[in-house]
Amino acid sequence: MNKFKSIISGVALSVAIASSAMAAGVEINASSTGLAMQGYDPVAYFTVGEATKGDYKITTLHNDALYRFASEENKVAFEANPEAYLPAYGGYCAFGTAMGFKFDGDPNYWKIVDNKLYLNLSQDIQQRWEGDIPGFVEQATVNWEDIADKDPAELQQ
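Residues -23 to -1, 1 to 134 (mature numbering (1 follows the signal peptide of the UniProt record, and there is no 0)) make up the sequence shown, in order.
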């Protein structure tokens, strides 16, 4: 009976933790638990110039999304000025946003343009986006006004 009681307690605790996790709104590309950028460090793109996994022990909550960092220094820099490091379009694919959709932005396909981080869905999409970055950024920025508050699935109907 004791084993059963501890299993039930564990399940109850897991449900409580999961439901208390602040899930980010549809304007941020985050997992169902609120993890943004698949756990990659948004600051590292600017400091080391590569996609860098964040440490699950070094985190901060911003707009109900959880961000991970590779170092305490990166966390401090982010907390001081999140807008400087947050990816464009809530971390959704920049090319997809230009097309009027919200697709997952893969942290491994990225580019910093005019001090702004852009993520894309895949390598081939990244290459297409790089074919006309100014044009796609302009179109995505216009589209973002209309789609930021819409659920990604809603846009694909």
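Built from N, CA and C at the ideal position, the CB exists for glycine as well. Please read all numbers here as calculations on a predicted model, not as lab measurements.
query: Who are residue 89's beta bridge partners in DSSP?
result: Walking along the sequence shown from the start, residue 89 turns up at place 112. 94, per the DSSP bridge assignment.
task: Can you give me the Cβ contacts of residue 30 inside the same chain, cut-off strictly under 8 Å, excluding the 5 residues immediately before and after it?
output: Reading the sequence shown from its first residue, position 53 is the one you call residue 30. Closer than 8 Å at the Cβ level, and outside the excluded window around residue 30, lie 16, 17, 18, 45, 47.
task: Give a yes or no on whether the C-beta atoms belonging to residue 90 and residue 119 are separated by under 8 Å.
output: Numbered from its first residue, the sequence shown carries residue 90 at position 113. Numbered from its first residue, the sequence shown carries residue 119 at position 142. No, the pair does not count as a contact, with Cβ atoms beyond the cut-off.
query: Any idea if residue 38 is buried or exposed, counting beta-carbon neighbours within 10 angstroms, 16 or more meaning buried?
result: Numbered from its first residue, the sequence shown carries residue 38 at position 61. Classification of residue 38: exposed, given that the 10 Å Cβ count is below 16.
- prompt: Taking the alpha carbon of residue 75 as the point to measure from, which residue in 26, 123, 130 has its own alpha carbon closest?
  reply: Position 98 of the sequence shown, counted from the first residue, corresponds to residue 75. Of the listed residues, the one whose Cα sits closest to residue 75 is 123.
- request: Starting from the Cα of residue 87, find the closest Cα among 14, 8, 9, 41 and give me that residue.
  value: Stepping through the sequence shown from its first residue, residue 87 is reached at position 110. When the alpha-carbon of residue 87 is set against those of 14, 8, 9, 41, the nearest one is in 14.
- prompt: Are residue 42 and residue 5 close, meaning C-beta to C-beta below 8 Å?
  reply: Position 65 of the sequence shown, counted from the start, is the residue given in the question as residue 42. Position 28 of the sequence shown, counted from the start, is the residue given in the question as residue 5. For residue 42 and residue 5, yes; Cβs fall inside 8 Å.
query: How close, in whole Å, do the beta carbons of residue 24 and residue 51 come, if the pair is a contact with beta carbons under 8 Å?
result: On the sequence shown, residue 24 is found 47 positions in, with the first residue counted as 1. On the sequence shown, residue 51 is found 74 positions in, with the first residue counted as 1. The Cβ separation is near 7 Å, so the contact holds.
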